Amino acid sequence: MGSDDTLGKVKDPLVAVIRWVKSRSSREKVVMGAGAAVLALLILWRTITDHDTLFILAELSHFLGIFILGYKLHQKRSVTGISLESQILTGIFLTVRLVCSFMMEYDVHTVLDLLTLLATAGVIYCMVVPREIAHTYQREQDRLKFYFVVAPCLLLAFFAHPRTSHWYFFRVMWAFCVYLESVSVLPQLRMMQKAKVVERFTAHYVFMLGVSRFFSCAHWILQFLEGNRALLAALGSGLWPVMVLLSEVVQTFILADFCFYYVKSYADGSGIVRLPTGIV
Numbered sequence: 012m013g014s015d016d017t018l019g020k021v022k023d024p025l026v027a028v029i030r031w032v033k034s035r036s037s038r039e040k041v042v043m044g045a046g047a048a049v050l051a052l053l054i055l056w057r058t059i060t061d062h063d064t065l066f067i068l069a070e071l072s073h074f075l076g077i078f079i080l081g082y083k084l085h086q087k088r089s090v091t092g093i094s095l096e097s098q099i100l101t102g103i104f105l106t107v108r109l110v111c112s113f114m115m116e117y118d119v120h121t122v123l124d125l126l127t128l129l130a131t132a133g134v135i136y137c138m139v140v141p142r143e144i145a146h147t148y149q150r151e152q153d154r155l156k157f158y159f160v161v162a163p164c165l166l167l168a169f170f171a172h173p174r175t176s177h178w179y180f181f182r183v184m185w186a187f188c189v190y191l192e193s194v195s196v197l198p199q200l201r202m203m204q205k206a207k208v209v210e211r212f213t214a215h216y217v218f219m220l221g222v223s224r225f226f227s228c229a230h231w232i233l234q235f236l237e238g239n240r241a242l243l244a245a246l247g248s249g250l251w252p253v254m255v256l257l258s259e260v261v262q263t264f265i266l267a268d269f270c271f272y273y274v275k276s277y278a279d280g281s282g283i284v285r286l287p288t289g290i291v
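Going by our numbering, the letters in the sequence shown line up with residues 12 to 291, in that order.
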């Protein structure tokens with residue numbers, strides 16, 4: 012058995028890696044983060060044969076995030092740190108996507124969207140109706156109104172939407188929900204930026220949204236790289252396929268900063284997410 016002095020020299024490799032990463036410059040951390048994302052994509056590409064599984068994982072991650080909020084409401088009886096505007100935006104794009112799914116491509120995604128919509132509706136109800144919970148809503152920090160996000164997404168949908176055989180209305184609405192989903196988290200991020208310190212359950216929820224976006228973005232990127240003809244035919248031609256991929260990338264990068272600070276907080280051992288100015 013080694014002496015106490017010998018044992019004291021033994022280093023935890025995980026701690027050593029974390030300290031090494033923390034000592035790198037911001038540019039080096041960005042490069043390493045990008046490299047890790049590419050590596051994760053390659054691993055998913057080689058291990059998951061049915062890329063539709065990634066889309067299911069994305070929807071399950073989103074549902075798990077909403078479940079975390081529900082747990083917070085049940086345990087804490089508080090909606091502190093939660094953006095009502097983001098929840099409304101989530102409810103809108105899920106409702107539109109659900110209607111389009113019923114009319115265009117009813118499948119397992121429709122069921123998952125329905126479950127997530129019901130959970131989101133429950134959160135919105137608790138933020139508005141029960142006075143003992145609703146009074147904890149920080150309205151003064153939730154300043155980015157949902158209609159300022161909805162309007163440009165709807166306008167953009169009229170210019171770039173699928174060129175498929177479905178009715179024009181549903182094609183525009185499908186594009187609208189894609190664009191709206193990509194920016195629906197903005198009010199939540201703005202609210203957290205104002206607060207500087209993010210409440211624990213809210214942080215878990217937003218991190219799960221980041222995980223959801225990564226799986227969804229990976230799904231589309233791998234489908235495009237492999238030249239899935241059925242998917243490309245469904246998307247049509249013109250500007251729409253580019254806008255779909257761009258929307259997925261925008262969603263991922265919007266949440267990337269927060270996910271970095273989330274992981275960093277736990278790597279530092281604090282578990283308290285602190286956001287600097289300019290994250291959004």
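Quick reminder that beta carbons are idealized off the backbone N, C-alpha and C, glycines included. A quick note: this is a predicted structure, and the numbers were derived from the prediction, not measured.
Cβ-Cβ distance between residue i and residue j below 9 Å
i, j, result
"Met-203", "Gly-81", "no"
"Ile-79", "Gly-102", "no"
"Ser-7", "Gln-199", "Because the chain in this structure spans residues 12 to 291, residue 7 falls outside the shown range and cannot be described."
"Val-217", "Val-183", "no"
"Leu-128", "Thr-106", "yes"
"Val-90", "Thr-131", "no"
"Ala-51", "Ala-214", "no"
"Gln-149", "Ala-206", "yes"
"Cys-111", "Phe-212", "no"
"Phe-226", "Leu-65", "yes"
"Arg-88", "Glu-143", "yes"
"Trp-178", "Met-114", "yes"
Terminal residues of the alpha helix (DSSP H) in which residue i lies
i, result
"Val-90", "Neither: Val-90 is in no alpha helix (DSSP H) and is coded neither H nor E."
"Ile-131", "The amino acid at residue 131 is misidentified as Ile; the sequence shows Thr. Thr-131 -> alpha helix (DSSP H) spans 119–139."
"Gln-199", "197–206"
"Arg-293", "Residue 293 is absent from the model: the chain starts at 12 and stops at 291."
"Glu-210", "Premise fails: Glu-210 is in no alpha helix (DSSP H) and is neither H nor E."
"Leu-155", "Leu-155 -> no alpha helix (DSSP H), and no H or E assigned at all."
"Ile-144", "142–145"
Exposed unless 16 or more other CB atoms sit within 10 angstroms - verdict on residue i
i, result
"Ser-193", "buried"
"Glu-259", "buried"
"Gln-86", "exposed"
"Lys-22", "Unreliable positioning characterises Lys-22 in this predicted model, as indicated by a pLDDT of 48, which lies under 50. The coordinate reading is nonetheless provided below. That one is exposed."
"Val-255", "buried"
"Ser-223", "buried"
"Met-138", "buried"
"Met-219", "buried"
"Asp-61", "exposed"
"Leu-84", "buried"
"Gly-13", "Low confidence applies here, because Gly-13 scores a pLDDT of 46, under 50, leaving its location unreliable; read the following figure in that light. Burial call: exposed."
"Gly-293", "Limits of the chain in this structure are 12 at one end and 291 at the other, which puts residue 293 out of reach."
"Thr-58", "exposed"
"Phe-264", "exposed"
"Asp-153", "buried"
"Ala-321", "The question about residue 321 has no answer, for the chain in this structure spans 12 to 291."
"Phe-159", "exposed"
"Phe-169", "exposed"
Whole-angstrom C-beta distance between residue j and residue i, which should lie under 8 Å
i, j, result
"Trp-251", "Pro-173", "5 Å"
"Leu-233", "Leu-55", "7 Å"
"Gly-221", "Leu-266", "4 Å"
"Val-161", "Leu-286", "Incorrect: roughly 25 Å between the Cβ atoms, too far for contact."
Neighbourhood of residue i by C-beta, 7 Å cutoff - its chain only, sequence neighbours within 5 removed
i, result
"Leu-126", "Phe-74"
"Leu-167", "Tyr-190"
"Leu-155", "Glu-96, Leu-197, Pro-198 and Arg-201"
"Tyr-273", "Ala-214, Phe-218 and Val-284"
"Asp-15", "Only weak support is given to the placement of Asp-15: the predicted model assigns it a pLDDT of 42, under 50, and the value that follows is read from those uncertain coordinates. Once the five neighbours on either side are set aside, Asp-15 has no close Cβ partner at all."
Cut-off 6 Å between Cβ atoms - residues of its own chain near residue i, not counting five sequence neighbours on either side
i, result
"Phe-157", "Glu-96, Ile-99 and Leu-100"
"Cys-188", "Phe-104, Val-107 and Arg-108"
"Leu-18", "With a pLDDT of only 38 at Leu-18, under the threshold of 50, the placement of this residue in the model should not be trusted; the figure read from the coordinates follows. Taken in chain order, the list of residues that qualify is empty."
"Val-261", "Ser-193"
Contacts around residue i, its chain only, beta-carbon distance under 8 Å, and the 5 residues preceding and following it disregarded
i, result
"Asp-124", "Glu-70, Leu-105, Arg-108, Leu-109 and Ser-112"
"His-120", "Phe-66, Ile-67, Glu-70 and Ser-112"
"Asp-63", "His-230"
"Lys-20", "In this prediction, Lys-20 has a pLDDT of 44, which is less than 50 and means its spatial position is unreliable; what the coordinates show is noted afterwards. Excluding sequence neighbours, Lys-20 sits near nothing in its chain."
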